[in-house]
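Using our numbering, the letters of the sequence shown correspond one by one to residues 1 to 642.
Backbone N, C-alpha and C fix where the C-beta goes; we use that ideal spot for every residue, glycine too.
The structure appears below as structure tokens.
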Amino acid sequence: MTLTPAQALAEGRRVLAEVFGYADFRGQQADVVAHVGAGGDALVLMPTGGGKSLCYQIPAIVRQRAGLGVTIVVSPLIALMHDQVGALREAGVEAAYLNSTLTPAQAAEVEQRLVRGELTLLYAAPERLVTPRFVARLQALHAAGRLALLAIDEAHCVSQWGHDFRPEYRELAVLAERLPGVPRVALTATADALTRADIVAHLHLQQARTFVASFDRPNIRYTIVEKRDTLRQLLRFIGDEHTLPDGHHDSGIVYCASRRKVEAVAARLQAAGLQALPYHAGLDAATRQRHQDRFLREEGLVMVATVAFGMGVDKPDVRFVAHLDLPKNVEGYYQETGRAGRDGEPANAWMAYGLGDVVQQRRLIDDSAASDDFKRVQRGKLDALLALAESTTCRRQQLLAYFGEASSPCGNCDNCLAPPQTWDATEAARKLLSCIYRLQQTGQAWGAGHVIDVLRGQATDKVRQHGHERLSTWAIGRELDETEWRRVLRQLVALGAVQVAGEFHTLHLTAAARSILRGEQAVRLRVAVAPSGAGRGRATRQARALASEARLPLREREVLAALKRWRAEVARAHDLPAYVIFHDATLVALAQRQPACDGDLDGIPGLGEKKRAAYGAEVLRVVAQALQAAGPAAPEPLVAWP
């Protein structure tokens with residue numbers, strides 16, 4: 001049977017309501033469902049939290065109901081497969097996964113269910129899908145007309161230009177060759193123009209229709225601060241903005257560049273009274289899995305991690321993502337910060353950034369064994385991230401512009417909320433560059449500390465030993481202190497005018513320094529302001545007070561608390577995160593309506609037919625008991641007759 005886009009969309013709307021419990025699609029979901037459900041190829045770019053999974057899950061159900069067979073989903077992570085399959089089963093959809101957690105007998109049973117046509121969706125890792133044996137299995141299904149769709153999730157992994165390249169994704173090209181005519185949809189939350197082109201080329205999606213949703217996540221506040229005492233700054237940020245009235249803390253993720261730093265930061269947070277866990281590739285697999293499971297299932301936990309953690313983490317109530325080191329590029333930053341606020345409620349993306357970050361990232365690129373072309377692209381991507389970090393204008397506007405999306409100032413980033421004062425640092429930059437140049441003429445390169453000592457006229461032993469007090473640039477920069485000179489240097493390194501090289505981090509001028517030295521290029525820096533923290537913390541708490549839960553009257557909050565306790569018990573029994581049973585938005589709607597009979601459950605978002613049958617009676621019981629415990633409702637205030 002074939003489906004027209006109109007038929008696919010009509011059936012998709014029924015699936016959305018019956019299975020997932022929602023009244024209508026969001027954004028471009030309807031267009032994607034109509035196109036993919038009718039058998040079209042697609043590349044879907046949709047931000048984290050934008051409903052990307054429904055863009056292949058609903059077409060899969062629509063095509064299975066039309067007798068077109070099973071959908072195969074390429075997924076890179078075991079935890080993601082487990083939770084998504086669990087969520088689908090909760091909703092009444094026949095789904096399974098094939099990965100290394102299954103015993104041979106369990107894997108064989110899943111494959112038999114696939115052969116018998118009992119599955120609507122099957123999740124599998126890319127390396128399993130491209131084995132000759134499994135490809136042959138798929139070819140047999142295709143020949144029998146029982147292979148409905150191939151969905152490739154986290155498709156940016158196919159691109160060497162992306163932030164999470166995985167070579168095994170390149171091998172998925174074989175599916176287009178061996179399974180001609182099977183519709184394919186590739187999905188990702190993050191891809192710039194270069195990465196998109198790579199996805200299209202390597203997955204043979206040249207004829208696919210591209211759907212690009214807005215990259216804007218308006219509920220996330222972006223803040224980038226200058227590194228001083230990073231751990232103290234982090235603790236202040238969490239204390240000011242993510243400490244609840246009862247003394248508990250919000251769930252969050254803290255990213256660090258090294259395993260050693262992850263361990264140190266997790267220990268410091270624990271010592272400060274936070275529930276913090278480390279996560280990095282140096283931990284054994286069982287420990288990593290245990291820590292991830294706790295993070296997904298418990299409230300108020302902070303995961304301190306390298307970038308090894310995060311892809312596929314679908315926890316909706318992560319209230320903050322903090323970076324203690326600079327990511328490699330804008331895509332990585334966007335992907336990682338996007339793990340905050342998936343529920344649409346206020347969240348923070350906070351980063352501390354310093355000169356050492358610039359030096360480290362540039363060295364990683366320069367010292368890599370990659371080709372010159374690859375290094376050139378990566379330097380360009382790093383430059384874009386440095387421009388974002390150094391920006392004195394709207395962060396969100398610049399972030400969206402990187403992905404080709406025009407926008408207005410957001411009013412919800414640090415630069416919009418407290419516009420930074422700037423000063424013309426052009427003359428200071430020329431002095432610093434001149435000092436580096438004069439020192440280079442002595443036949444030796446020098447590090448930042450010595451260059452700044454010469455600029456400021458500090459007669460250190462090293463200065464006297466080498467006679468550098470006789471240089472023409474000696475003491476020409478006494479007007480700035482050491483910290484201010486380091487800010488100027490950081491900007492010049494970010495601009496590419498100064499290169500930091502070698503074991504001793506010596507400074508060298510590049511061709512880009514010429515225009516600044518000649519006075520042809522202006523340099524403007526923000527005026528450093530000591531962080532007060534109070535205003536920002538108050539603003540975040542006010543934003544949280546506007547969130548859906550905090551707006552509820554006391555009686556409704558008590559019902560909500562009872563529903564959350566019940567949900568946690570069900571989740572533990574099913575070995576699933578609580579949000580897989582019901583999202584918070586569903587519980588809020590139930591607390592507001594306070595259903596007393598089955599008919600009162602009509603129209604509750606997220607309450608599909610299977611969940612209603614499974615949990616409806618229990619929900620009514622929990623609500624009734626909570627209302628009884630709360631006592632009689634307060635009487636309505638009297639209104640005078642006009």
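9 Å Cβ cutoff met for residue i and residue j
i, j, result
"V498", "I436", "yes"
"E90", "H508", "no"
"A148", "Q84", "no"
"D216", "E405", "yes"
"V318", "I224", "no"
"A340", "F320", "yes"
"L138", "L175", "yes"
"A494", "D383", "yes"
"P167", "H583", "no"
"K227", "G117", "no"
"L187", "Y333", "no"
"A322", "P278", "no"
"A475", "R456", "yes"
"R113", "A124", "no"
"A191", "A155", "yes"
"R14", "F25", "no"
"L517", "S434", "yes"
"L587", "L620", "no"
"G616", "L601", "yes"
Where residue i falls, given that 16 or more other Cβ within 10 Å makes a residue buried
i, result
"Q292", "buried"
"A87", "buried"
"P104", "exposed"
"L244", "exposed"
"V523", "buried"
"M1", "exposed"
"S532", "The pLDDT assigned to S532 is 45, lower than 50, so where the model puts this residue is not dependable; a value taken from the coordinates is nonetheless given after this. So S532 ends up on the exposed side."
"F153", "Rather than Phe, the amino acid found at residue 153 in this sequence is Asp. Buried is the call here."
"S75", "buried"
"D41", "buried"
"V19", "buried"
"W423", "exposed"
"R490", "buried"
"G477", "buried"
"G338", "buried"
"S159", "buried"
"F403", "buried"
"V62", "buried"
Paired residues, beta bridge with residue i - DSSP
i, result
"D314", "In the DSSP output, where bridge partners are listed per residue, D314 has none listed."
"D275", "Reading off the sequence shown, one finds Gln at residue 275, where the question assumed Asp. L301, per the DSSP bridge assignment."
"N348", "R221, F320"
"W485", "W485 is not bridged to any residue."
"Y97", "Y123"
"V499", "The sequence shown places Gln at residue 499, rather than the Val named in the question. BP columns for Q499 point to H508."
"T4", "Answer is none; T4 lacks a bridge partner."
"A459", "In DSSP, A459 forms no bridge with anything."
"Y169", "Its beta-bridge partners do not exist; DSSP assigns none."
"W423", "L525"
"V74", "A124, I152"
"F374", "Answer is none; F374 lacks a bridge partner."
Residue i versus the options, residue with shortest Cα-Cα distance
i, options, result
"R363", "Q289, E558, V500", "V500"
"L554", "A591, L576, R526, E569", "A591"
"I238", "L560, D325, M351", "M351"
"R376", "N329, P132, G411, Q289", "N329"
"A349", "V93, E569, N412, I220", "I220"
"E569", "V32, R297, H156, S258", "R297"
"T251", "A276, R232, T230", "Reading off the sequence shown, one finds Ser at residue 251, where the question assumed Thr. The candidate whose alpha carbon is nearest that of S251 is A276."
"G300", "G273, E336, H249", "H249"
"E331", "R14, L45, R621, G27", "L45"
"I452", "D24, D424, E484", "E484"
"Q625", "A596, A614, K611", "A596"
"V307", "K261, R379, T426, R290", "K261"
"G496", "A193, L385, A136, T287", "L385"
"P356", "G344, P327, A614, D373", "Before going further, note that residue 356 is Gly rather than Pro in the sequence given. The option with the nearest alpha carbon to G356 is P327."
"Y22", "P632, G631, V623, R612", "R612"
"D481", "G449, V463, F165", "G449"
Short CB-CB distance (under 9 Å) between residue i and chain B
i, result
"C55", "In the displayed structure, chain B is absent; only one protein chain is listed."
Cβ separation of residue i and residue j, assumed to be a contact under 8 Å, to the nearest whole Å
i, j, result
"L234", "L324", "7 Å"
"G69", "G145", "7 Å"
"L54", "G37", "Not quite, the Cβ-Cβ distance comes to about 12 Å (not below 8 Å), so this is no contact."
"L150", "A66", "Incorrect: roughly 17 Å between the Cβ atoms, too far for contact."
"P47", "A213", "6 Å"
"L43", "V73", "Not quite, the Cβ-Cβ distance comes to about 16 Å (not below 8 Å), so this is no contact."
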